[in-house]
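Chains as they are written, first to last, in this note's numbering: chain A, 6 to 491; chain B, 739 to 1075.
Glycine included, C-beta positions come from ideal geometry on N, C-alpha and C.
Just so you know, these numbers come straight off a predicted model, no measurement behind them.
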Amino acid sequence: MDVVLLARLQFALTIMFHYLFPPLTIGLGVVIVYLIGMHLRTKQVIYDVAARFWTKVFALNFALGVATGIVMEFQFGTNWAVYSRYVGDVFGSALAAEGIFAFFLESGFLAVLVFGWDRVSPRMHFFAALMVAIGGIFSSIWITVANSWQQTPAGFAVRPYEVNGEIFHRAEIQDFWAMVFNPSTVDRLVHVWFGAFILGAFFVMSISAWYLLKGRHTDFARRSFSGGLLFGTIFSLAQLVSGHSNANMVAEHQPAKLAAMEGIYRAEAPADLHLFGWPNDETQRVEWGIALPGFLSFLIHNDFETEVKGLAELEEVYGRPPVWLTFQAYHLMVACGMFFIAITLLGTFFRWRGTLFEQRWLLWLFVPAVVLAFAANELGWVAAEVGRQPWTVYPSWQNGEFVQGLRTADSVSESVVAGQVLGSIIGFGIIYALLFALWIFLLNHKIQHGPELPHHKEKTSLEDYLETAAHRAGHEESFTEPKMGG
Amino acid sequence: MDLNIFWFVLLGVLLAGYAILDGFDLGVGILHPVAKTDLERRTILNSIGPIWDGNEVWLVTFGGALFAAFPEAYATVFSGFYTAFMLLLLALIFRAVSLEFRSKVQNARWRHAWDHAFFGASLLATLLFGVAVGNAMYGVPLNARGIYVGTFFDLLNWYALLCGALAVALFSMHGSIYLYLKTEGALQERIHHQIWRTFGFFLVLYFLVTIATLVAVPRSLQNFDEHPWAWIVVVLNVLAVANVPRAIYQRRPVYAFVSSSATIAALVFLFGIALFPALVTGREIENSLTIYNAASSQKTLTIMAFIAGLGMPFVVAYTVVIYWTFRGKVKVGPHSY
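As structure tokens, this is what we get:
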């Protein structure tokens, strides 16, 4: 089999598995800072209980993120050696900065966060949680810088260099800040963050909704759900704005990717916006779809008539990315985003009416919705990475001059053969399947176990009644109201 | 000192930091079977519980720094030693998850399975690190472009395997001293016996590898002719090694730990002196990748020097804070593994 295809498959497998964890830990990290901070301020036990519970869940995800993250760093060298030689000067420095600025901070203070509850002062503990959250965010900054540079390269020049008498070419940094703030960094970073925050919120809401439906840990679950809902509503709406800004950025800097995302085979004026569809490479059309006439022109150019270029016109300069996969990944991601907006607005409406926790059907919707939040994060990357093919480093203009990119097919290691890559795909496939099963099993185990209340003991029915009564009193609800979840 | 040398030295510092810090927790993994009860196993795991993850970051940063400063060497080594790196990745994944997963379920078979994974992964990772160092010393088949042209089995030559065994012995000794520091009672007594064994094992391999290096890699002495001061490090190395049994005999584990850390630092230093200015030595010496022909542009090396200068003091500060926070004997509690 083809080494390039195998190496791409391996990259897709390892990055998609890895990317289950970082957005979740970034999102949960912020949640934990909030909870520990609230406990520090209000001294209410419930915040402490919640913080301890989510920290345990966080630690499990963090360990898997670290374990699968090392694979990513090594993989650039193992499978993509030519790419590494070409971009080491630029891409490598962003990766090294991630190590020095983010990983040490995150992993060091994680120890204090997870193991330090009784060892350090509450203030120090809060500080550790803050540092872990900031570490995760630093990490996302540098890795998004590195990735964005490949998509919209800037601040570099292609220079000759010599190895043992032979001359080769590679990308060298000219302007570090132009490299860091390349045209897509900020848009993509904001999009990644919001995606992580949405996932964190939906993760918290999913587990809380399930507790509410089962009538377990109800006080904990109500607060967690309400917090998650606020967080989720804000960022779902904000993501719409960020998504639009990203689409405009892609249209400007990676027009072939935009054409693939929207299934524009030939230039269209006005260009329609497909809600869904089935791009067919043979007929060069999107079939079985529904389109809003002129809306793509409007979204990109603020005008319903302006032409949007198609793959046929762009192919000569940008090559042709796979259309079907890019189109579907992008459209599914957008659909997920719309669903998040709808469901969180509905939740906020019922919250405002004060009847949120009576809407069992809505809570039932929130339980599986977290799967879509994971999916949206993954699909965004699929659309971004497949849509930039056939390039690992995209063609660009540097100081007014056109600079050819680096093709994916030219990026793989010279000394690696198909059998090696296939072997490692099978090996990682088996191990990742095992880890995935264990992750689900342990996550479920933790959720079933639930948060631990301080000084937990067997309760008599009278104590149970009194405690329930106290909770109800605190929430100004009727004592005769049936207990949530029966 | 030019920037290329600065980066060579800094990579050495990162490597030494990694070998000293992750060295003892890999050693703890190899010694894990010494424990007899579940509580003892948990004690051993929790001795490294809060810190193993931070220790491993030194490796990640070493990898990132190699990529940025010497991309040619990074590309050649990682693609050339493909199968070895895949094995190393599997070992590191299993080590990480066995630490995290083991405590999550109260079931003897579940825990035994992860105990085995933890031991096996720690042993394999240590062995592979040693083999890698051995190959870097011995030289690997490179073509004129500096690309690896050998196979996986070329890496398993006698010299590299001997270095692998030395790494296992060294980290076991280092790990046993660390465990002695962190434990109490019957477990500590048993570990005290282990220190003597691991020290003996290390001493034998230390001599064997020294002799083997003089025989098989005579060029490793070249830099000593030009820079005779480097012999001081050899003397310090021998003193550090000799101080280990003395400190153990006197039951002063902190001295022993400092001595074994110094031993590791000295060995990494000697490794650097032997290689310099090469990063990857070719079987044909003129094909070697050096700190000049494998380096990034001067501009990148400068930027990276700023990044390192800004970041490293923080890194050292976090490391000190974390180790200070978790000082003293291991206590297995509700937040432990």
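Which two residues bound the contiguous beta strand (DSSP E) that contains residue i?
i           : result
Leu-1017(B) : 1016–1018
Tyr-812(B)  : First-last for Tyr-812(B): 809–818, but that is the alpha helix (DSSP H), not the beta strand (DSSP E).
Glu-167(A)  : 161–168
Ser-418(A)  : Per DSSP, Ser-418(A) belongs to no beta strand (DSSP E) and is neither H nor E.
Phe-407(A)  : 406–408
Gln-403(A)  : 401–403
Ala-176(A)  : 171–178
With distance defined between alpha-carbon atoms, name the residue in the options nearest to residue i.
i           : options                                              : result
Leu-242(A)  : Leu-350(A), Ser-112(A) and Phe-106(A)                : Leu-350(A)
Gly-140(A)  : His-23(A), Ile-31(A), Tyr-39(A) and Gly-405(A)       : Ile-31(A)
Gly-787(B)  : Gly-765(B), Thr-864(B), Ile-1023(B) and Glu-838(B)   : Glu-838(B)
Arg-883(B)  : Glu-171(A), Ala-133(A) and Pro-165(A)                : Glu-171(A)
Gly-938(B)  : Pro-966(B), Val-906(B), Glu-927(B) and Glu-922(B)    : Val-906(B)
Ser-694(B)  : Phe-832(B), Gly-877(B) and Gln-926(B)                : Absent from the structure is residue 694(B), since the part of chain B shown begins at 739 and ends at 1075.
Leu-411(A)  : Ile-51(A), Val-92(A) and Gly-220(A)                  : Val-92(A)
Asn-1081(B) : Arg-935(B), Ala-1033(B), Val-1018(B) and Val-1054(B) : Only positions 739 to 1075 of chain B appear in the structure, and residue 1081(B) is not among them; the question remains open.
Val-197(A)  : Phe-240(A), Val-163(A), Glu-167(A) and Trp-215(A)    : Phe-240(A)
Arg-164(A)  : Pro-158(A), Asn-152(A), Ser-112(A) and Gln-179(A)    : Gln-179(A)
Phe-230(A)  : Ile-445(A), Trp-59(A), Lys-451(A) and Gly-432(A)     : Trp-59(A)
Ala-813(B)  : Asp-224(A), Tyr-335(A), Leu-458(A) and Val-417(A)    : Val-417(A)
Glu-273(A)  : Ala-423(A), Ala-176(A), Lys-314(A) and Tyr-216(A)    : Lys-314(A)
Gln-972(B)  : Phe-816(B), Ala-1004(B) and Ile-915(B)               : Gln is not the amino acid found at residue 972(B); the sequence shown has Val there. Taking only the C-alpha atoms, the option nearest Val-972(B) is Ala-1004(B).
Ala-226(A)  : Phe-16(A), Ser-213(A), Arg-175(A) and Tyr-335(A)     : Ser-213(A)
Phe-1052(B) : Gly-104(A), Gly-237(A), Leu-234(A) and Leu-33(A)     : Gly-104(A)
Ser-836(B)  : Arg-779(B), Gln-926(B), Phe-995(B) and Gly-801(B)    : Arg-779(B)
Gly-248(A)  : Met-21(A), Arg-124(A) and Tyr-335(A)                 : Tyr-335(A)
Leu-1013(B) : Ser-1026(B), Glu-1022(B), Val-976(B) and Glu-927(B)  : Ser-1026(B)
What are the boundary residues of the alpha helix (DSSP H) that residue i is part of?
i           : result
Gln-80(A)   : 50–84
Glu-927(B)  : 923–954
Val-387(A)  : 365–392
His-23(A)   : 8–23
Thr-397(A)  : Taken as a continuous stretch (DSSP letters only), Thr-397(A) belongs to no alpha helix (DSSP H), being part of the beta strand (DSSP E) at 396–398.
Glu-964(B)  : 960–964
Val-336(A)  : Reading off the sequence shown, one finds His at residue 336(A), where the question assumed Val. 328–358 is the extent of the alpha helix (DSSP H) around His-336(A).
Phe-199(A)  : 190–219
Ala-183(A)  : 181–185
His-44(A)   : 27–47
Phe-1007(B) : 991–1013
Ile-1045(B) : 1036–1063
I want to verify the contact list: residues of chain D whose CB lies under 8 Å from the CB of residue i, in sequence order.
i          : result
Asn-152(A) : Annotation note: the requested chain D is absent from the structure, which comprises protein chains A and B.
Segments assigned alpha helix (DSSP H), at least 4 residues, entirely inside the stretch 255–321 of chain A
List check, alpha helix (DSSP H) in window: 260–267 and 300–306.
Are three or more beta carbon pairs between the stretch 884–895 of chain B and the stretch 847–855 of chain B nearer than 8 Å?
No: fewer than three Cβ pairs fall under 8 Å.
Mind checking the stretch 111–126 of chain A against chain B and listing, in chain order, the residues whose C-beta falls within less than 8 Å of any C-beta there?
Look at the stretch 111–126 of chain A: the residues with a C-beta under 8 Å from a C-beta of chain B are Ser-112, Gly-113, Phe-114, Leu-115, Ala-116, Val-117, Val-119, Phe-120, Gly-121, Trp-122, Asp-123, Arg-124 and Val-125.
Is it a yes or a no for the stretch 373–387 of chain A touching the stretch 201–217 of chain A, going by three-plus beta-carbon pairs under 8 Å?
For the pair of segments examined, the stretch 373–387 of chain A was found to touch the stretch 201–217 of chain A: the number of CB pairs separated by less than 8 Å reaches three.
Pull out every residue of the stretch 22–42 of chain A whose Cβ sits closer than 9 Å to any Cβ of chain B, in chain order.
Of all residues in the stretch 22–42 of chain A, none has a C-beta nearer than 9 Å to a C-beta of chain B.
Under 7 Å, CB to CB, which of the residues in the stretch 844–859 of chain B have a partner in chain A?
Contact residues of the stretch 844–859 of chain B toward chain A are absent (C-beta to C-beta distance below 7 Å).
If contact is defined by three or more beta carbon pairs under 8 Å, each pair taking one atom from either stretch, is the stretch 113–120 of chain A in contact with the stretch 132–151 of chain A?
The stretch 132–151 of chain A vs the stretch 113–120 of chain A: in contact.
Residues of the stretch 785–799 of chain B with a CB closer than 7 Å to any CB of chain A: list them in chain order, please.
Taking 7 Å as the cut-off between beta carbons, the residues of the stretch 785–799 of chain B near chain A are Gly-787, Pro-788, Ile-789, Asp-791, Gly-792, Val-795, Val-798 and Thr-799, in sequence order.
Give, in chain order, every residue of the stretch 859–880 of chain B whose Cβ lies closer than 9 Å to some Cβ of chain A.
Nothing from the stretch 859–880 of chain B brings a Cβ to less than 9 Å from some Cβ of chain A.
Would you list, in chain order, the members of the stretch 91–112 of chain A that have their beta-carbon closer than 9 Å to a beta-carbon of chain B?
Within the stretch 91–112 of chain A, Tyr-91, Val-92, Gly-93, Asp-94, Val-95, Phe-96, Gly-97, Ser-98, Ala-99, Leu-100, Ala-101, Ala-102, Glu-103, Gly-104, Ile-105, Phe-106, Phe-108, Phe-109, Leu-110, Glu-111 and Ser-112 place their CB atoms closer than 9 Å to a CB of chain B, listed in sequence order.
Ignoring anything shorter than 4 residues or poking outside the stretch 96–138 of chain A, list the alpha helix (DSSP H) runs there in chain order.
Within the stretch 96–138 of chain A, the complete alpha helix (DSSP H) runs of at least 4 residues are 98–102 and 109–120.
The stretch 262–278 of chain A: which residues have C-beta closer than 9 Å to a C-beta of chain B, in chain order?
From the stretch 262–278 of chain A, no residue has a Cβ closer than 9 Å to chain B.
If the cut-off is 7 Å on Cβ atoms, which residues from the stretch 431–461 of chain A count as contacting chain B, listed in chain order?
If you check each beta-carbon in the stretch 431–461 of chain A against every beta-carbon of chain B, the ones closer than 7 Å belong to Gly-432, Ile-436, Leu-440, Leu-443, Leu-447 and His-450.
Spell out a yes or no on whether the stretch 49–63 of chain A and the stretch 436–445 of chain A are touching, meaning 3 or more CB-CB pairs, one atom from each, closer than 8 Å.
The stretch 49–63 of chain A vs the stretch 436–445 of chain A: no contact.
When Cβ atoms are compared, which residues of the stretch 333–355 of chain A fall closer than 8 Å to chain B?
Cβ contacts with chain B come from no residue of the stretch 333–355 of chain A.
Are there three or more Cβ pairs, one per stretch, closer than 8 Å when the stretch 823–836 of chain B is compared with the stretch 855–872 of chain B?
Touching, yes.
Which ranges would you report for the alpha helix (DSSP H) in the stretch 872–923 of chain B if only whole runs of at least 4 residues count?
For the stretch 872–923 of chain B, whole alpha helix (DSSP H) runs of length 4 or above, ordered along the chain, are 896–920.
Short of 7 Å Cβ to Cβ, which residues in the stretch 308–322 of chain A face chain B?
Hits within the stretch: zero.
Chain-ordered residues of the stretch 62–86 of chain A with a beta carbon less than 9 Å from chain B
Here the close residues are Ala-64, Leu-65, Phe-67, Ala-68, Leu-69, Val-71, Ala-72, Thr-73, Gly-74, Ile-75, Val-76, Glu-78, Phe-79, Gln-80, Phe-81, Gly-82, Thr-83, Asn-84, Trp-85 and Ala-86.
Whether or not the stretch 22–37 of chain A and the stretch 62–80 of chain A are in contact is what I'm after, with contact meaning three or more pairs of Cβ atoms, one per stretch, closer than 8 Å; do they touch?
The stretch 62–80 of chain A, when compared against the stretch 22–37 of chain A, does touch it at the 8 Å Cβ threshold.
Using Cβ-Cβ distances below 7 Å, what residues of the stretch 920–945 of chain B are close to chain A?
Correct list: empty, as no residue qualifies.
If contact means a Cβ-Cβ distance below 9 Å, which residues of the stretch 165–181 of chain A contact chain B?
Those residues of the stretch 165–181 of chain A that come within reach of chain B (Cβ to Cβ, closer than 9 Å) are Tyr-166, Glu-167, Val-168, Asn-169, Gly-170, Glu-171, Phe-173, Arg-175, Glu-177, Ile-178, Gln-179 and Phe-181.
Near-chain B residues of the stretch 400–428 of chain A - C-beta to any C-beta below 8 Å
Flagged, chain order: Ser-418, Glu-419, Ser-420, Val-421, Gln-425 and Gly-428.
With a floor of 4 residues, list each alpha helix (DSSP H) that falls wholly inside the stretch 772–844 of chain B, ordered by position along the chain.
DSSP runs (the alpha helix (DSSP H)) wholly in the stretch 772–844 of chain B: 776–786, 790–807, 809–818 and 820–840.
Hey, is the stretch 772–784 of chain B in contact with the stretch 1047–1062 of chain B, meaning 3+ C-beta pairs nearer than 8 Å?
Judged by Cβ distances under 8 Å, the stretch 772–784 of chain B makes no contact with the stretch 1047–1062 of chain B, as fewer than three pairs qualify.
For the stretch 956–988 of chain B, which residues have a beta carbon sitting closer than 8 Å to at least one beta carbon of chain A?
Residues are counted here when their Cβ sits less than 8 Å from a Cβ of chain A; for the stretch 956–988 of chain B the count is zero.
Is there contact between the stretch 803–821 of chain B and the stretch 1029–1045 of chain B, where contact requires at least three CB pairs shorter than 8 Å?
Between the stretch 803–821 of chain B and the stretch 1029–1045 of chain B there are three or more inter-stretch CB-CB distances shorter than 8 Å, so the stretches are counted as touching.
Looking at chain A, which residues of the stretch 816–840 of chain B have a Cβ within less than 7 Å of any of its Cβ atoms?
When C-beta distances to chain A are compared with 7 Å, the residues of the stretch 816–840 of chain B below that value are Phe-816, Ser-817, Gly-818, Tyr-820, Thr-821, Phe-823, Met-824, Leu-827, Leu-828, Leu-830, Ile-831, Ala-834, Val-835, Glu-838 and Phe-839, in chain order.
Listed in chain order, which residues of the stretch 198–218 of chain A have Cβ atoms closer than 7 Å to some Cβ of chain B?
So nothing in the stretch comes that close.
Between the stretch 86–102 of chain A and the stretch 1038–1047 of chain B, can you find at least three pairs of beta-carbon atoms closer than 8 Å?
Touching, yes, given that three or more Cβ pairs across the two stretches are closer than 8 Å.
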